[in-house]
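Trainee:
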Amino acid sequence: MIKLHPPLPTSFYEKQTLDLAQALLGCVLWKETEEGLAGGIIVETEAYKGPEDRAAHSYNNRRTKRTEVMFGPSGNAYMYTMHTHNLFNVVSGPIDKPEAILVRGIEPYYNQELMRKRRPNVKTPYQMTNGPGKLTKALGITLQDYGHTLKEPPLWISHKPKEFMSFSIKSGPRIGIDNSGAAKDYPWRFWIDNNKYISR
DNA sequence: GTCCTGATAGACT
DNA sequence: GTCTATCAGGACC
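Okay, so the first sequence: first residue is 1 according to my numbering, each after it adds one.
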């Protein structure tokens, strides 16, 4: 699988964050664990643009143990715990520009059986991965992956498979950030139109 | 729609 | 040490 779907190179991540958020749509997110390898198509993302974005953890350049990885180079994993769930983000922006992209939804692409095993009790296939906390559980992504590069196993992102080369992208306000002033209205959420694995 | 769960970092005393 | 908010999810109505 790694030979068929090699990691995207450093140059892929050297884009404006809003462009990268859209470029990630259709790409495959892979995670290999002791249980096996699983992969899913990224179908929904949200951009968070550091200093000027009140909704971002790195707003006003807040530099802490948690946000530290966002001040580093792009192409690394930023993990964050929300209640009982782990959320996965791709670090974006150059060094000292703390920006990131939250992955909110994936479509199972490889080893759906393993995802189902990790997500018992779901009633429809969509419920396995149609949310930021759900997809990390389905793929087996944990806080251990914080700060890890996305350019080599066990956690990596590969180019769009040919069946996902063409689709239309929609955008709109982000989810769950109601207390962030004007920032809550920024249309920095992107998704693949008509995809069934969008979080809402 | 409402309510409850409950990990972790960060702010505060 | 203690308090509290959080880029949700699930169970319920």
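Built from N, CA and C at the ideal position, the CB exists for glycine as well. Quantities reported herein were computed from a predicted structural model and do not represent experimental measurements.
#1: The beta strand (DSSP E) that contains ALA21, what's its start and end?
#2: Quick test of the definition: if touching needs 3 or more C-beta pairs under 8 Å, does the region 56 to 63 touch the region 30 to 44?
#3: In its own chain, which residues sit with a C-beta less than 7 Å from the C-beta of GLY36, not counting the 5 before and 5 after it?
#4: Give me whichever residues DSSP pairs with ARG189 in a beta bridge.
#5: Count the other CB atoms, across all protein chains shown, that sit within 10 Å of the CB of ARG189; report buried if there are 16 or more and exposed otherwise.
#6: Cβ of GLY93 within 9 Å of Cβ of GLY147?
#7: Please state whether the Cβ-Cβ distance between GLY39 and THR129 is less than 9 Å.
#8: Whole angstroms is fine: what's the gap from ILE157's alpha carbon to TYR48's?
#9: Is it buried or exposed, PRO173, if we count other Cβ atoms within 10 angstroms and call 16 or more buried?
#10: Measure the alpha-carbon distance for PHE88 versus TYR78 and round it to whole angstroms.
#11: Taking DSSP as the reference, what is the three-state secondary structure of ARG275?
#12: Please determine if the region 100 to 108 and the region 127 to 145 are in contact, where contact requires at least 3 C-beta pairs separated by less than 8 Å.
#13: Over the uninterrupted beta strand (DSSP E) stretch that includes PHE88, give me the two end residues.
#14: Pick helix, strand or coil for LEU150, following the three-state DSSP scheme.
#15: What is the DSSP secondary structure of MET134, counted as helix, strand or coil?
#16: I want to know whether the region 67 to 74 touches the region 136 to 144 - three or more CB-CB distances under 8 Å.
#17: Should SER199 be labelled buried (16 or more other beta-carbon atoms within 10 Å of its own) or exposed?
#18: DSSP on ALA56, reduced to helix/strand/coil?
#19: Measuring CA to CA, which of GLN144, THR124, TYR186, GLY26 is closest to HIS159?
#20: Report back the beta-carbon spacing between LEU20 and ILE101 to the nearest angstrom; my notes put them in contact at under 8 Å.
Mentor: Taking the coordinates as given:
#1: Taking the first residue of the first sequence as 1, we reach residue 21 at position 21. For ALA21, no beta strand (DSSP E) segment is defined; the enclosing uninterrupted segment is the alpha helix (DSSP H) at 17 to 23.
#2: No, the region 56 to 63 does not touch the region 30 to 44.
#3: Taking the first sequence and counting its residues from 1, the one referred to as residue 36 is at position 36. Sequence-distant Cβ neighbours of GLY36 in its own chain, meaning closer than 7 Å and more than five residues away, are ASN111, LEU114.
#4: By 1-based counting over the first sequence, the position of residue 189 is 189. ARG189 pairs with GLU46, GLY172.
#5: The residue given as residue 189 occupies position 189 in the first sequence. Flag for ARG189 reads buried.
#6: As a first step, residue 93 is located in the first sequence; it is residue number 93 there, counting from the start. As a first step, residue 147 is located in the first sequence; it is residue number 147 there, counting from the start. Not closer than 9 Å, so no.
#7: Within the first sequence, numbered from 1, the residue matching residue 39 stands at position 39. Within the first sequence, numbered from 1, the residue matching residue 129 stands at position 129. The Cβ atoms of GLY39 and THR129 lie no closer than 9 Å to each other.
#8: Here the question's residue 157 lines up with position 157 in the first sequence. Here the question's residue 48 lines up with position 48 in the first sequence. So the two alpha carbons sit approximately 19 Å from each other.
#9: For the purposes of this step, residue 173 is taken as the residue at position 173 of the first sequence. It counts as exposed.
#10: As a first step, residue 88 must be located in the first sequence, where it is residue number 88. As a first step, residue 78 must be located in the first sequence, where it is residue number 78. Taking the straight line from one Cα to the other gives about 6 Å.
#11: Here the chain covers residues 1 to 200 and nothing more, so residue 275 does not appear.
#12: Yes: at least three Cβ pairs fall under 8 Å.
#13: Indexing the first sequence from 1 puts residue 88 at position 88. That run of the beta strand (DSSP E) goes 85 to 92.
#14: Mapped onto the first sequence, residue 150 falls at position 150. Here LEU150 sits in coil by DSSP.
#15: Looking up residue 134 in the first sequence gives position 134. The residue asked about is misnamed: residue 134 is Lys in this sequence, not Met. LYS134: helix per DSSP, three-state reduction.
#16: Result no; under three Cβ-Cβ pairs closer than 8 Å.
#17: Numbered from 1 along the first sequence, position 199 holds the residue referred to as residue 199. Counting every other CB atom within 10 Å of its CB across the protein chains shown gives SER199 a total of 16 or more, marking it as buried.
#18: As a working note, residue 56 is residue 56 in the first sequence. Coil at ALA56, not helix or strand.
#19: Locating residue 159 in the first sequence gives position 159, where the first residue counts as 1. Looking only at GLN144, THR124, TYR186, GLY26, the smallest Cα-Cα distance to HIS159 is reached by GLY26.
#20: Against the first sequence, residue 20 aligns to sequence position 20. Against the first sequence, residue 101 aligns to sequence position 101. The C-beta distance from LEU20 to ILE101 rounds to 6 Å, short enough to meet the 8 Å contact threshold.
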